Amino acid sequence: MSVADTGVGVAKEDINRLYEPFVQLTRMRGTNLSNSGTGLGLPIVKKMITQMGGTITLDSKLGQGSTFKITIPRIKTDAQNIGEDLANSILSAGLCPKDEVPRILIVDDTPLNLKILSTMLMRLGVYNETTLSGQSALELLQNGNFNIVMTDLDMPEMTGEDLAKILRSTSEFAFLKIAVIVSDQDDKNFDHNLFDRIMEKPISKETLHDYIFGK
Numbered sequence: 002m003s004v005a006d007t008g009v010g011v012a013k014e015d016i017n018r019l020y021e022p023f024v025q026l027t028r029m030r031g032t033n034l035s036n037s038g039t040g041l042g043l044p045i046v047k048k049m050i051t052q053m054g055g056t057i058t059l060d061s062k063l064g065q066g067s068t069f070k071i072t073i074p075r076i077k078t079d080a081q082n083i084g085e086d087l088a089n090s091i092l093s094a095g096l097c098p099k100d101e102v103p104r105i106l107i108v109d110d111t112p113l114n115l116k117i118l119s120t121m122l123m124r125l126g127v128y129n130e131t132t133l134s135g136q137s138a139l140e141l142l143q144n145g146n147f148n149i150v151m152t153d154l155d156m157p158e159m160t161g162e163d164l165a166k167i168l169r170s171t172s173e174f175a176f177l178k179i180a181v182i183v184s185d186q187d188d189k190n191f192d193h194n195l196f197d198r199i200m201e202k203p204i205s206k207e208t209l210h211d212y213i214f215g216k
């Protein structure tokens with residue numbers, strides 16, 4: 002598989018540096034181009050490909066563009082394990098301490114909202130799972146290894162506030178970071194102290210990055 006672009010390209014002497022964690026060549030080269038990334042994307046991708054016995058190569062010319070080529074031997078894949086592989090790759094690559102590898106459970110009764118948020122998190126290199134209700138979230142938390150919960154506020158049967166109250170009153174979940182997602186239509190009369198962060202829709206990638214990786 003190959004992916005090509007017609008961007009600014011990469012100098013030969015910089016190609017290997019692309020795979021180093023937290024390297025952003027635009028800033029290193031002294032340009033004025035804005036770069037809101039973390040410099041983790043390619044290191045994570047290379048680590049995952051290497052673990053699967055594959056290779057990634059780059060053919061690039063300054064001012065003309067770049068072509069990434071990925072070769073992976075025939076393997077069986079499980080879509081549910083893709084996120085697990087990503088999280089394990091972050092850990093094994095030494096990009097985050099074990100207790101800081103973000104593993105997020107997203108709770109929302111609207112499938113489209115789950116899809117959008119999950120995609121944004123995957124683009125940040127963050128492992129996540131999704132569920133449509135607070136009750137199923139509790140079941141997943143019992144069996145899963147999550148350290149962050151992001152929940153919608155207004156949900157039927159069990160609201161985000163109800164879910165947070167249960168988690169905060171349960172000793173085994175005391176370590177969890179909990180963020181609540183609200184909209185303009187939501188009643189803001191809820192216990193804000195239950196949550197580490199209150200996020201208003203629409204949520205940007207920058208907001209997610211700040212919440213997950215910010216110190």
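Letter 119 of the sequence shown, counting from 1, is numbered 120 in my numbering, and no numbers are missing. Yeah, the Cβ is synthetic: ideal placement off N, Cα and C, and Gly gets one too. These numbers come from a predicted model, not from an experiment.
Contact set for residue i: own chain, Cβ-Cβ below 6 Å, skip 5 residues either direction
i: Ser184; result: Lys202
i: Met156; result: Asp110
i: Leu19; result: Leu43
i: Thr58; result: Lys70
i: Gly54; result: Pro74
i: Ser61; result: Gly10, Val11 and Ser67
i: Ala5; result: Thr68
Presumed contact (8 Å Cβ cut-off) between residue i and residue j, rounded CB distance
i: Asp192; j: Glu162; result: 6 Å
i: Leu168; j: Val150; result: 7 Å
i: Leu106; j: Glu130; result: 6 Å
i: Leu177; j: Leu122; result: Their Cβ separation, rounded to whole angstroms, is 16 Å, which puts Leu177 and Leu122 out of contact at 8 Å.
Beta-carbon spacing of residue i, residue j below 8 Å
i: Pro103; j: Asn148; result: yes
i: Ile117; j: Leu154; result: no
i: Arg124; j: Lys47; result: no
i: Ile213; j: Asp197; result: no
i: Gly204; j: Gly126; result: The sequence given here places Ile at residue 204; Gly does not occur at that position. Their beta carbons are not under 8 Å apart, which means Ile204 does not touch Gly126 by this criterion.
For residue i, the residue or residues it bridges with in DSSP
i: Arg104; result: Tyr128
i: Asp153; result: Ile182
i: Thr56; result: Thr72
Residues near residue i in its chain [Cβ-Cβ closer than 8 Å; skip 5 each side]
i: Asn146; result: Arg104
i: Leu63; result: Val9, Gly10, Val11 and Ala12
i: Ile50; result: Thr56, Ile57, Ile71 and Ile73
i: Leu141; result: Leu106, Glu130, Thr132 and Phe147
N- and C-terminal bounds of the beta strand (DSSP E) containing residue i
i: Ile167; result: No beta strand (DSSP E) holds Ile167; the alpha helix (DSSP H) holding it covers Gly161 to Arg169.
i: Ala12; result: From DSSP, Ala12 is part of no beta strand (DSSP E); its letter is neither H nor E.
i: Ala180; result: Lys178 to Val183
i: Ile199; result: Arg198 to Glu201
N- and C-terminal bounds of the alpha helix (DSSP H) containing residue i
i: Ile45; result: Gly42 to Gln52
i: Ser137; result: Gly135 to Asn144
i: Glu207; result: Lys206 to Phe214
Close beta carbons around residue i, own chain, < 7 Å, minus the five adjacent residues each side
i: Leu164; result: Val108, Gly135, Ala138 and Thr152
i: Lys166; result: Leu195
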